[in-house]
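Student: Sharing a structure, written as structure tokens. Questions coming.
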Amino acid sequence: MILNTGARTDTVQYYTPWLLRRFEEGFVYTRNPLFPHKVTKYELSPDKIDCVLFCSKNYAPILPHLRRITDRYRTYFHYTITAYGSDVEPNVPPIGESIRTLAELEKIVGRERIAWRYDPVLLTKEYTVERHLETFAYMAERLAPHVSRCIFSFVEVYKKLETNMPELILLTQEDRTRLAAGLGVAAQKYGIWLQTCGTNGDYSRYGIHSSGCATLEILGKANGCAFKDVRHKGLRAGCHCIESRDIGAYDTCPNGCKYCYANKSHARALENYRRHDPASPLLLGHLEEGDELICGNQSSFLKPASGQMSLFGD
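Under our numbering, residues 2 to 315 are what the sequence shown spells out, in order.
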């Protein structure tokens, strides 16, 4: 089973004590967002988890404790660093600080286990095509020694985003082409493998690859292990990633990013954050009367261990 810690909220930045406790106690509960009274239990022993996926905009809180996880589990890290300031991402560290934190993360986990996410790419009067290209090149030069790849995507405009960001300028096909061409040039200059996320078009003519952000091939190469050749179902339409089990919860991230899809409102996320109990097996709340607790399917994607290299002695 692939364990995903960061698709629904920034677990690392805001819930590190809870996450560490879950690994120490060896299990976690997660509430089904569509059927709230269905709660799934996952065992977190290393023999049950093929790889732990992280995605965060600030790894600083977990860095002093990270080896408690990386010494026992295969891991892979997505680090989102964009061109935006506090006007768009109110509680995300500034670019320089984020670059320094990523460099510290790389010292612990190595370059091959980190992917830099530059997404979503959106336009406003402040964040023009030219500003994106200038900022991306600046960041690429400094991040190239520390990351194995970069993933970008163009923003998906949904109704809530139109409300939260009235300053948003819709991307034209010309904008997308100029951005892809410029990002591709900078990535090639600094030796970064650049790829799109999901179905954002074919930009292979600019040296941009189309792939899943977390495929078994990527995870296996990063961790020195071999996975079975299985179909990648993805996490949503157009996604090419291997299926994973997310242990987070929506409406719990206090970052306040205007483009966020995981919060219905920033106020609700802050209120839920205040309600969080680090001792609970659930990220948000506790088991309630009427909840149905089931054991999750934790089938392994790993090939049989005989004759293959392993970093973990299994």
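Glycine residues also receive a C-beta, built at the ideal position from the N, C-alpha and C atoms.
1) Rounded to a whole number of angstroms, what is the C-alpha to C-alpha distance between K265 and V122?
2) Do A8 and C56 have their C-beta atoms closer together than 8 Å?
3) Which residue from Y191, V130 and G199 puts its Cα closest to that of L171?
4) If you run the structure through DSSP and keep just helix, strand and coil, what is Q196?
5) Suppose only complete runs of 3+ residues qualify. What are the beta strand (DSSP E) ranges in the stretch 92-147, listed by chain order?
6) Tell me which same chain residues have a C-beta within less than 7 Å of the C-beta of K304, skipping the five on either side of it?
7) Can you tell me which of the three DSSP states K234 falls into?
8) Rounding to the nearest angstrom, what Cα-Cα distance links R22 and L180 in this structure?
9) Please return the same chain residues whose Cβ sits closer than 8 Å to the Cβ of I209, not counting the five positions on each side in sequence.
10) Would you decide whether S46 is buried or exposed? Buried here means 16 or more other CB atoms lie within 10 Å of its CB.
11) What's the gap between the Cα of F36 and the Cα of K49?
12) Report all residues from its chain with a CB closer than 8 Å to the CB of L284; omit the five preceding and five following residues, and keep chain order.
13) Any idea if E90 is buried or exposed, counting beta-carbon neighbours within 10 angstroms, 16 or more meaning buried?
14) Taking 8 Å as the cut-off, does the stretch 80-90 touch the stretch 125-145 (at least 3 CB pairs, one atom from each stretch)?
Tutor: Per the coordinate set shown:
1) 21 Å
2) yes
3) V130
4) strand
5) 115-122
6) A227, F228 and K229
7) coil
8) 42 Å
9) A181, L184, G185, A188, L195, Q196 and T197
10) exposed
11) 25 Å
12) T10, T12, Y16, W19, T31, I248, G249, A250, T253 and H277
13) buried
14) yes
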